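Report on the structure given below.
In my numbering, the protein residues as written are -8 to 237.
Okay, structure coming up:
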């Protein structure tokens, strides 16, 4: 079978960089439209129910909640975090699903580091871990049988998102990006002990308790911990792989 010819499109939607990798120009446009529309729907919901923006614990949704809100709330409930912990992943999931409906056989959406991936061919994803000496030197190779999947990373040292832990990176692979996003936050919060091995084990255990999480990789300094079912680990020399970095 011939591998489809793919390309990447990078655009800012409001202040967020979105990277789309696909084999269909129509699907790429559909992805950006999906993200714009769903961000608009989320903002309108938050305007009416501002507690959704600030909650650090799961919240029930109102009866008129749009799809993006429902997905965020479901992922947050499973991971025991606030719903905004799943926003980037949920937006990526909905966009990638729309790309498939538009005929794409490769539909990868990276939204602020959270990735929703669907593909008929293999994918490589690089891992960025801040100031860790391992940053940019590790990657994940997803075989077509590993997909679809969601990939998300939380960091207590480099991310602008709220994290209560000290991991350089907690990368979660899950059944979708919304859940991976929420689970990475929960696991990242657990990497809080001053003892590095103990803190890493806490992060791994926190992630693997969440239904729908397949695997997790935690980097703190020069220490690495892994649990669950992970794609093949890549050692990368020089620049990270030419795909969205987690």
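Ideal placement from N, C-alpha and C gives every residue a C-beta, glycine not left out. Because the structure is a prediction, the values reported are computed rather than measured.
Tell me whether the beta-carbon of residue i lies closer than 7 angstroms to the beta-carbon of residue j.
i: residue 194; j: residue 204; result: no
i: residue 211; j: residue 158; result: yes
i: residue 168; j: residue 84; result: yes
i: residue 76; j: residue 171; result: no
i: residue 14; j: residue 97; result: yes
i: residue 103; j: residue 145; result: no
i: residue 197; j: residue 165; result: no
i: residue 81; j: residue 100; result: no
Once the 5 residues before and after residue i are set aside, which same chain residues still bring their CB inside 6 angstroms of it?
i: residue 216; result: 191, 195, 209
i: residue 0; result: 11, 19
i: residue 129; result: 118
i: residue 226; result: none
i: residue 222; result: 131, 132, 133, 137
i: residue 230; result: Residue confidence for residue 230 is low, a pLDDT of 44 falling below 50, so the modelled location carries little weight; the figure read from the coordinates is stated next. The answer is none, since no qualifying residue turns up.
i: residue 52; result: 60, 61, 64
Determine the closest residue to residue i out of the options, with distance taken between C-alpha atoms.
i: residue 37; options: 28, 56, 48, 6; result: 56
i: residue 187; options: -4, 180, 214, 202; result: 214
i: residue 48; options: 58, 69, 3, 33; result: 69
i: residue 89; options: 175, 34, 28; result: 28
Kindly indicate the opening and closing residues of the beta strand (DSSP E) around residue i.
i: residue 110; result: 105 to 110
i: residue 22; result: Run containing residue 22: none in the beta strand (DSSP E); it sits in the alpha helix (DSSP H), 16 to 39.
i: residue 114; result: 114 to 118
i: residue 131; result: 129 to 133
Which stretch, first to last residue, makes up the alpha helix (DSSP H) that contains residue i?
i: residue 85; result: 78 to 92
i: residue 176; result: 168 to 181
i: residue 43; result: 42 to 45
i: residue 60; result: 58 to 70
For residue i, which residues of its own chain have a beta-carbon under 7 angstroms away from its beta-carbon, when the five flanking residues on both sides are left out?
i: residue 139; result: 108, 109
i: residue 7; result: 102, 103
i: residue 181; result: 156, 193, 194, 197
Looking only at its own chain, which residues have a Cβ that is under 8 angstroms from the Cβ of residue i, when we skip the five neighbours before and after it?
i: residue 184; result: 190, 193
i: residue 5; result: 30
Hey, is residue i's beta-carbon within less than 7 angstroms of any beta-carbon in chain C?
i: residue 29; result: In summary, chain C is missing from the structure at hand, where a single protein chain is found.
### Message
Would you call the region 21 to 29 in contact with the region 108 to 116, where contact means no fewer than 3 C-beta pairs closer than 8 angstroms?
### Response
no
### Task
Count the C-beta pairs between the region 67 to 75 and the region 100 to 108 that are closer than 8 angstroms, then say yes if the count reaches three, no if not.
no
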